[in-house]
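The next block holds one structure in the form of structure tokens; read it before the comments.
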Amino acid sequence: MNFVFDLDGTTVFHAQRMHDDIKDGLLALQSNGGKLYFATARPLRDTLPVLPECFWHHPIIGCNGAMFSEHKAVVSAHSFEPKQITTLLTWLDNHEIAYLFDGHWQYAISNKPHHFHQHVAELGIPPGSNELLRHEPIVKLLVLEDEHHEQVKQVCEQTLSSFEVYHHNGHHCFDLVPARSNKLTALLELGLHMQQTVCFGNDVNDIAMLEAAHQAYVVGEQITPSCDYVQLTQETVAATLINLAESLTHDSQP
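According to our numbering, the stretch in the sequence shown is residues 24 to 277, in order.
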């Protein structure tokens, strides 16, 4: 059985490193035959600091499906058309809207400061040159001022040939990624059979994979997928993982 886990708000909380009880539950699943995958809005660079090293070699879907990594390296990534995304960045600069964009590993920040810039830098890697990196493949653009959403979306429709938008519940920001970049599409591209897959998530960018899964687990009350799902809280995630691991053991017994 495949098991797919979102990170923030599902198995990682308050942007801190994954708690040991959840790590132990995941290891129990793995020991009993479960195949573990991680799917997050984070790029690989920001995923490794919160994910225990024992999972670093696992398949990791990043940037809401636009990036795929394995063995601590980016294997493939969708990126925006260079001239189009450069035009959009210039527009954001001219309108003094804060942002952060991700390449395969490096990232750059807007001239307009935002507290999230410091949070990312504290994960261990300082930003690179905005002027240089905007001419390299850009996988995700995080717009840090949600109040400009409608205006930015209109400009995107005029500037980008295709894109996806993801808002994050409880955060005043939104992601822009290349079209057809979502967690479900990435899982299917990896060859996973969703009726043999259990998914855990908590946010709108998880809904598609949750609705396609054999079994869905939703942490918190931010979303209500249109499928049967098990509601969890932060406090019940670890115990649920242990119970699932035990059920795998029972299923494998003759």
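Note that CB positions come from ideal geometry on N, CA and C, so glycine has one too.
Should residue i be labelled buried (16 or more other beta-carbon atoms within 10 Å of its own) or exposed?
| i | result |
| --- | --- |
| Pro149 | exposed |
| His101 | buried |
| Val221 | buried |
| Leu155 | exposed |
| Pro201 | buried |
| His191 | buried |
| Ala89 | buried |
| Gly214 | exposed |
| Gly147 | exposed |
By how many angstroms is the C-alpha of residue j removed from the C-alpha of residue i?
| i | j | result |
| --- | --- | --- |
| Thr113 | Asn153 | 11 Å |
| Pro277 | Ile45 | Bear in mind that the predicted position of Pro277 carries a pLDDT of just 48, short of 50, making it unreliable; the figure below should be weighed with that in mind. Approximately 29 Å between the Cα atoms of the pair. |
| Cys250 | Arg40 | 30 Å |
| His216 | Pro136 | 43 Å |
| His42 | Thr259 | 13 Å |
| Leu267 | Ile83 | 21 Å |
| Ala96 | Leu67 | 8 Å |
| His37 | Thr109 | 32 Å |
| Gly151 | Val98 | 21 Å |
| Glu104 | Val188 | 16 Å |
| Asp29 | Ile246 | 14 Å |
What whole-angstrom Cβ distance do residue i and residue j have, given they're in contact under 8 Å?
| i | j | result |
| --- | --- | --- |
| Gly32 | Asp226 | 6 Å |
| Leu207 | Ala231 | 4 Å |
| Arg157 | Ala121 | Not really, about 15 Å apart at Cβ, beyond 8 Å. |
| Asn87 | Ser270 | Not confirmed; about 30 Å, so no contact. |
| His195 | Asp169 | 4 Å |
| Val35 | Leu210 | Wrong, their Cβ atoms sit about 19 Å apart, outside the cutoff. |
So does residue i have its beta carbon nearer than 6 Å to some heavy atom of the ligand FMN?
| i | result |
| --- | --- |
| Ser184 | The ligand FMN is not part of the structure shown, which contains no ligands of any sort. |
Check whether the region 29 to 49 and the region 72 to 79 are in contact - that is, three or more C-beta pairs closer than 8 Å. They touch, by the three-pair rule.
Could you name each continuous beta strand (DSSP E) segment of 3 residues or more that falls completely within the region 240 to 277, going from the start of the chain to the end? 252 to 255
Quick check: the region 174 to 183 against the region 54 to 68, are at least 3 beta-carbon pairs closer than 8 Å? no
Which parts of the region 91 to 178 are runs of the beta strand (DSSP E), unbroken and 3 residues or longer, counting only runs that do not cross its ends? 96 to 100, 122 to 125, 130 to 132 and 163 to 166
Tell me, please, whether the region 154 to 169 touches the region 115 to 124 by the rule of three or more beta-carbon pairs shorter than 8 Å. yes
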